[in-house]
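Okay, so here's the structure we're looking at.
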Amino acid sequence: MHRTPAVAGRFYDGTSFGLRKQVEQYVASGQPPMDAVGIMVPHAGLIYSGIVAGQVYSAILMPKTFIMLGPNHTGLGPAVSVMDDGAWEVPTGSLNIDRRLARRILNGTTLAVRDSQAHAYEHSLEVQIPFIAYFSRDVSIVPISIMTASYDSCRELAEAIATAIQGVDYAVTILASSDMSHYVSDKVARHKDNKAIEKILALDPRGLYDTVMHERISMCGVLPATVMLIAAQLLGAKNSRLIHYMTSGDVSGDYDSVVGYAGIVLSR
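The letter at position 29 of the sequence shown is residue 33 when you use this note's numbering, and the numbering goes up by one with no holes.
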């Protein structure tokens with residue numbers, strides 16, 4: 005299946021020239037890129053979260069494949085949906101799906117279902133493609149959408165992902181797409197988001213999952229982030245670095261109702 009853009013012209017510029025210029029303004033320089041086992045990046049419209057996303061992608065080496073984990077906002081498809089064939093297109097190019105790695109994941113757990121419906125209109129992974137394509141047209145992807153999952157299910161999926169990665173001989177980075185607190189004051193967002201970020205920086209996936217649930221933090225990608233953390237640890241991640249945190253208020257000037265954005269890189 006060739007997936008055409010669902011949110012071009014809304015979440016990001018809908019033209020090739022305009023999108024490249026838009027991404028360029030968020031790209032950072034001056035830091036030696038890291039070999040990332042896992043990353044967490046936001047997925048709002050680029051005008052709001054592009055600063056954070058751009059800094060994360062600027063801080064890492066491009067792998068051969070990104071395993072992309074995103075929340076399912078649309079409610080379409082099964083609980084865990086893996087798109088295992090085709091390509092994803094944005095105005096600046098298209099990225100092929102890594103069929104070999106996708107099918108290794110599907111063979112590793114009954115939780116994951118071969119499905120494209122969950123991805124058809126979902127923005128959380130699509131908004132990552134303009135940044136990845138900017139840095140490399142040779143990167144492949146494995147799109148995985150997660151609607152619901154217990155902590156034990158997160159662990160099972162993470163183990164299948166880690167095992168699949170261990171079975172290939174090229175670089176793979178696990179990408180978790182998540183925004184942080186939604187539609188609370190800037191003060192509340194920063195306070196609550198810091199609690200979740202502390203667990204990620206401590207490489208504590210159970211702590212992240214429990215903190216978000218108990219504190220009722222409206223972090224939409226907590227399940228992708230939990231899976232990413234577990235899998236990254238299984239693959240030897242020892243370091244976690246906060247690249248940047250901000251809220252939509254820093255762009256809009258409205259600090260009464262904001263969304264939080266955090267960019268984090270995990271390395272060995």
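Think of the CB as a built atom: it goes at the ideal place given N, C-alpha and C, for glycine as much as any other residue. Small disclaimer: the values here were computed from a predicted structure and weren't measured.
Bridge-paired residues (DSSP) for L179: Residue 179 sits at position 175 when you count from the first residue of the sequence shown. The partner list for L179 (beta bridge, DSSP) reads I43 and M72.
Supposed close pair Y16, P147 - CB separation, criterion 8 Å: On the sequence shown, position 12 is the one that residue 16 refers to. On the sequence shown, position 143 is the one that residue 147 refers to. With a Cβ gap of about 17 Å, Y16 and P147 do not count as contacting.
Residues near A137 by beta carbon distance below 7 Å, same chain, minus five either side: Start at 1 with the first residue of the sequence shown, and residue 137 comes out as number 133. Within the same chain, A137 has close Cβ partners V94, T96, G97 and L99.
Simplified DSSP assignment, three categories, for L129: The residue given as residue 129 occupies position 125 in the sequence shown. Coil.
Among G112, L179, H47 and K191, nearest to S157 - alpha-carbon criterion: Numbered from its first residue, the sequence shown carries residue 157 at position 153. The candidate whose alpha carbon is nearest that of S157 is G112.
Rounded C-alpha distance that separates H6 from K191: Here residue 6 refers to the residue found at position 2 of the sequence shown. Here residue 191 refers to the residue found at position 187 of the sequence shown. Cα to Cα, H6 sits roughly 42 Å from K191.
With 16 other Cβ atoms within 10 Å as the buried cut-off, status of R103: Numbered from its first residue, the sequence shown carries residue 103 at position 99. Result: exposed.
Range of the contiguous beta strand (DSSP E) that encloses H218: Residue 218 sits at position 214 when you count from the first residue of the sequence shown. Where H218 is concerned, there is no enclosing beta strand (DSSP E), although the alpha helix (DSSP H) it sits in stretches over P209 to H218.
V60 versus M44: straight-line alpha-carbon distance, rounded: Residue 60 sits at position 56 when you count from the first residue of the sequence shown. Residue 44 sits at position 40 when you count from the first residue of the sequence shown. Their backbone Cα atoms lie some 8 Å apart in a straight line.
Whole-angstrom C-beta distance between A162 and V231, which should lie under 8 Å: As a position in the sequence shown, residue 231 is number 227, starting the count at 1. As a position in the sequence shown, residue 162 is number 158, starting the count at 1. Yes, they are in contact, since the Cβ atoms of V231 and A162 sit about 5 Å apart, within 8 Å.
Beta-bridge pairing of T251 - partner residues as DSSP gives them: Residue mapping note: residue 251 aligns to position 247 of the sequence shown, counting from 1. According to DSSP, T251 bridges with G264.
Of the listed residues P9, A153, N198 and D254, nearest to P75 (C-alpha basis): Within the sequence shown, residue 75 is the residue found at index 71, counting from 1. Of P9, A153, N198 and D254, the residue nearest in Cα terms is A153.
Beta-carbon gap between V41 and S271 smaller than 8 Å: Here residue 41 corresponds to residue number 37 of the sequence shown, with the count starting at 1. Here residue 271 corresponds to residue number 267 of the sequence shown, with the count starting at 1. Yes, the pair counts as a contact, with Cβ atoms nearer than the cut-off.
Close beta carbons around G54, own chain, < 6 Å, minus the five adjacent residues each side: Counted from its first residue, the sequence shown places residue 54 at position 50. Contacts found: Y30.
Neighbourhood of K25 by C-beta distance below 7 Å, restricted to the same chain and skipping five residues each side: Indexing the sequence shown from 1 puts residue 25 at position 21. Excluding residues within five positions, none has a Cβ falling inside 7 Å.
Expected contact under 8 Å - CB spacing of P37 and S182 to nearest Å: Your numbering for residue 37 matches position 33 in the sequence shown. Your numbering for residue 182 matches position 178 in the sequence shown. Going by Cβ atoms, the distance from P37 to S182 rounds to 22 Å, so no, they are not a contact pair.
Member of L80, S120 and W92 whose CA lies at the smallest distance from the CA of V86: Counting from one through the sequence shown, the residue named residue 86 turns up at place 82. For the residues L80, S120 and W92, the minimum Cα distance to V86 belongs to S120.
Same chain, Cβ closer than 8 Å to G171, neighbours up to 5 away in sequence not counted: By one-based count along the sequence shown, residue 171 stands at place 167. Closer than 8 Å at the Cβ level, and outside the excluded window around G171, lie R108.
Rounded separation between I247 and L207 - CA only: Position 243 of the sequence shown holds residue 247. Position 203 of the sequence shown holds residue 207. Approximately 15 Å between the Cα atoms of the pair.
Residue(s) in a DSSP beta bridge with V146: If you number the sequence shown from 1, residue 146 lands on position 142. DSSP, once it has assigned bridges, lists I71 as partnering V146.
N- and C-terminal bounds of the beta strand (DSSP E) containing G97: Locating residue 97 in the sequence shown gives position 93, counting from the first residue. G97 to N100 is the extent of the beta strand (DSSP E) around G97.
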